[in-house]
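> Taken in order, the sequence shown gives residues 1207 to 1447; the numbers are from my numbering.
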Amino acid sequence: MCNDHSSDMTRRGLLGFGAAAASTAFAGGFALPGQAFADEAPAAPNDIDPDKALTRLLDGNARYVANTSTNTDFSAGRLARAGVQYPFAGLLSCADSRVAPELVFDQGPGDLFVLRVAGNFVDMNGLASIEFGVAVLGIPLLVVLGHTNCGAISATIDVIENGTELPGHLPDLVGALKPGVERALAEKPANPLEASTRENVLYNVEKLKAATPIVSEAVAEGRVKVVGAVYDIATGKVEFL
Ligand SMILES: [Zn+2]
């Protein structure tokens, strides 16, 4: 199934908590080009090229923008999904209530593996979830999705520029967003919020691509693509960076 022993062991370890979904995705999601399976297992539905997955998202967003969404029957396939999942894209999105990935990309239950945290940044727990998505579920595309008018990004700019002190655990969140925001502010952009939102997305795309061992290896092998995007709340349109 896989020529690389160490990564095979990693996947086997992850299979422990992957249940039925894992074994199916494992059979279908990790074929090397030209390799045939001994048991002739059919490819998993999400065993698709990363670019094809990206096209699905683009097409879905176009439908959403045009208000012609097709995913409206949520009971269809409910039983079939009970024991297995085949998400074709992993989304790292903001917790903002106005950003709902399944709606924005017109996808149904089981299509998207979504992590949401204010400011859409990668931390260790988020990375572990993404690694599970890649190694066990066989997700071919990862998207870091920022959005316009992000309060977390605004707060981070405010802390950096005005020394504002935030309560509770918010300083931790701001600390996670600082690298991307500081990089944007260093360029003295005309629109600091817009520039910081983009840089934060790009910073986290880089971080994900370099995340050893699982994601970086999948990216190097071309099994997974990591892209950044910004969702415009006012228009509904997603711009891929
Ligand atoms: Zn936000």
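All residues carry an ideal CB built from backbone N, CA and C; glycine is no exception.
Going along the chain, which residues of its own chain have a beta-carbon closer than 6 angstroms to the beta-carbon of residue 1408, five neighbours each way excluded?
To locate residue 1408, count along the sequence shown from 1; it is residue 202. Around residue 1408: 1434.
> Three-state secondary structure (DSSP) at residue 1427?
Here the question's residue 1427 lines up with position 221 in the sequence shown. DSSP places residue 1427 in coil when its eight states are reduced to three.
> When you compare only the Cα positions, how much space is there between residue 1330 and residue 1406?
As a working mapping, residue 1330 is identified with position 124 in the sequence shown. As a working mapping, residue 1406 is identified with position 200 in the sequence shown. If you take the alpha carbons of residue 1330 and residue 1406, they lie about 17 angstroms apart.
> Is residue 1299 helix, strand or coil by DSSP?
The sequence position of residue 1299 within the sequence shown is 93, counting from 1. DSSP places residue 1299 in strand when its eight states are reduced to three.
> Inspect the CB distances between the stretch 1306-1324 and the stretch 1272-1282 and report whether three or more fall short of 8 angstroms.
Touching, yes.
> With three or more beta-carbon pairs closer than 8 angstroms as the criterion, would you say the stretch 1346-1365 touches the stretch 1298-1307?
The stretch 1346-1365 is in contact with the stretch 1298-1307.
> With a Cβ-Cβ cutoff of 8 angstroms, do residue 1391 and residue 1325 count as a contact?
If you number the sequence shown from 1, residue 1391 lands on position 185. If you number the sequence shown from 1, residue 1325 lands on position 119. No.
> Taking just the CA atoms, how far does residue 1432 sit from residue 1256?
Residue numbering aside, residue 1256 sits at position 50 when the sequence shown is read from its first letter. Residue numbering aside, residue 1432 sits at position 226 when the sequence shown is read from its first letter. Approximately 9 angstroms between the Cα atoms of the pair.
> Is any heavy atom in ligand 1 found nearer than 7 angstroms to the beta carbon of residue 1324?
Within the sequence shown, residue 1324 is the residue found at index 118, counting from 1. Under cutoff, so the answer is yes.
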